[in-house]
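In what follows, a single structure is set out as structure tokens and then discussed.
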Amino acid sequence: MIMEKIKVDLGQRSYEIEVGCGNLFQTNFTKFNASKIAVITDSNVRGLFAEKLLELIKSQGVNAQLFEVPAGEKSKNPMQVIEIAREMVRNNFDTKSMVVAVGGGVVGDLAAFIASVYKRGIKVVHVPTTLIAQVDSSIGGKTGVDLPEGKNLVGTFYQPSKVIIDVGVLKTLPAAELKNGLAEAIKYGMSQDEELFEFLEQNVGNASPEFFLKLVSWCCSIKARVVERDERESELRKVLNYGHTVGHAIEAAELYEIAHGAAVGIGMNYEARIAVLLGVLKEADLRRQNELIEKTGLQAKYSAKTDLIELMKRDKKNKLDKIFFVLPNAVGSVKTENGKIAFPVEEETIRKALEQ
Ligand SMILES: NC(=O)c1ccc[n+]([C@@H]2O[C@H](COP(=O)([O-])OP(=O)(O)OC[C@H]3O[C@@H](n4cnc5c(N)ncnc54)[C@H](O)[C@@H]3O)[C@@H](O)[C@H]2O)c1
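Those letters in the sequence shown? Residues 1 to 356, by the numbering used here.
Written as structure tokens, this is what we have:
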């Protein structure tokens, strides 16, 4: 059952996000006219959905092969790119071949990066299977792998040909992974849409397909509209980084042993605190945000063992030693000034917020 089709309008690079329940295994893969399909997945998702999808593709008369990486962030590395690309060359994948990424954000970022560089670029279709990937990482075209020096340091902007979202696959997702996805949904609500925020307040704990259909479509529409206006993050797209400046520093401090969504949940607390200290956000709105974060089972508080400010300075998004933040000014909106959406904040203010 397909519930909604959301278009991402990017001229020649436009594509459709299909959101449904039970729609994945109804897909006709012949319509992509691919000479061969590389189904890239991880060790958990392989037995759950990827093998079945491979069989479906083959049953439609399309040549296809499965590539598996170990589950987890460690697979997002350049060696994995080389390994899969070499295997694809040895198996005659050509410029008309296509990648289908079946998995969470790790598989999506890795597989789409491979597609973007393999023989100078072949098509990629995303089949996101975590809530984070369905509401966020499969849309917008950011791809990449990590280096020992930091996350996502090698990557491309590369839009997919299609995103096929089946919320039915969330049934097997562990509760902790669902929470990570909810953190990104709260991010959209807090930074851009009070109605979405209220919907989350009213529905936390709901795990019905109807809830996920509505939530995922809503988040995808928000992200699609942002990406259409600022594909390469010259300014507006930075709104999607709310909670991520502190969040990325926490991920680095925890040596990536903490989930991305969990770090973003904490990050939103401290970034909203900065906004309160600067007189941009009311204390009551900070409390409302944190109540929702905690209601989902995510943490808002964190006691740092490392200097997070030093880690923030090293983040590739911060220029000239200045640390920039997206600052909420109410539930559902952020401060903007002369077209700017991210603002430099003094270290003293950041430190004060982190100590609260
Ligand atoms: N490109 C972007 O715009 C963007 C945005 C946000 C996050 N990301 C990236 O996404 C990654 C995090 O993504 P993630 O949270 O999806 O992590 P993940 O891909 O590691 O998935 C989390 C876990 O869930 C398992 N899993 C996936 N689908 C499942 C299912 N349906 N049932 C049971 N288990 C399942 C996976 O095997 C894995 O163990 C990070 O690397 C982050 O940098 C990218």
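Ideal Cβ placement from N, Cα and C applies to all residues, glycine included.
Being a predicted model, the structure only gives us computed values, none of them experimental.
**Study point:** 4-residue-minimum alpha helix (DSSP H) runs that sit fully inside the region 191-243, ordered along the chain
**Key:** As far as the region 191-243 is concerned, its whole alpha helix (DSSP H) runs of at least 4 residues are 194-203, 209-229.
Check your understanding: Can you name the residues that DSSP bridges to V163?
Key -> As computed with DSSP, V163 is found in a beta bridge with I17, H126.
Check your understanding: Would you say A353 and L277 are within 7 Å of each other, going by their C-beta atoms?
Key -> The answer is yes: Cβ separation under 7 Å.
Review point. Is it the case that the Cβ atoms of L281 and N338 are separated by a distance below 7 Å?
Key: Not closer than 7 Å, so no.
Practice item. Express the C-alpha separation of V331 and Q289 in angstroms, rounding to a whole number. Key: Those two C-alpha atoms are separated by around 8 Å.
**Study point:** Closest Cα partner of P78 within the set T129, A183, G144
**Key:** Minimum Cα distance to P78 is reached at G144.
Point to revise | Pair within 7 Å by beta-carbon distance, Y242 and V135 | key: No, Cβ-Cβ distance for Y242 and V135 is not below 7 Å.
Review point. Is S137 near ligand 1, in the sense that its beta carbon is under 6 Å from a heavy atom of that ligand?
Key: Placement of the Cβ of S137 at a distance of less than 6 Å from at least one heavy atom of ligand 1 is found.
**Study point:** Own chain, CB closer than 8 Å to N33, minus 5 neighbours either side, in chain order
**Key:** Cβ neighbours of N33 beyond the five flanking positions: K96.
Practice item. Report yes or no: do the region 119-126 and the region 63-72 share at least 3 C-beta pairs separated by less than 8 Å? Key: No, the region 119-126 is not in contact with the region 63-72.
Check your understanding: With contact counted as at least three CB pairs below 8 Å, one residue from each stretch, are the region 42-59 and the region 97-104 in contact?
Key -> Counting Cβ pairs under 8 Å, three or more are found: they touch.
Check your understanding: What are the boundary residues of the alpha helix (DSSP H) that includes Q80?
Key -> For Q80, the uninterrupted alpha helix (DSSP H) run begins and ends at 78-90, by DSSP.
Check your understanding: How long is the line joining the alpha carbons of V127 and Y15, rounded to whole angstroms?
Key -> Going from the Cα of V127 to the Cα of Y15 covers about 14 Å.
Point to revise | Residue burial classification, E251 (beta-carbon count within 10 angstroms, cutoff 16) | key: Classification of E251: buried, given that the 10 Å Cβ count is 16 or more.
**Study point:** Alpha carbon of P174 to alpha carbon of L131, nearest angstrom
**Key:** So the alpha carbons of these two residues sit roughly 10 Å apart.
Check your understanding: Should N44 be listed as close to ligand 1, given that the test is whether its C-beta is under 6 Å from any heavy atom?
Key -> Result yes, Cβ under 6 Å from ligand 1.
Review point. Terminal residues of the continuous alpha helix (DSSP H) containing V276?
Key: In the DSSP annotation of this structure, the continuous segment of the alpha helix (DSSP H) that includes V276 starts and ends at 260-277.
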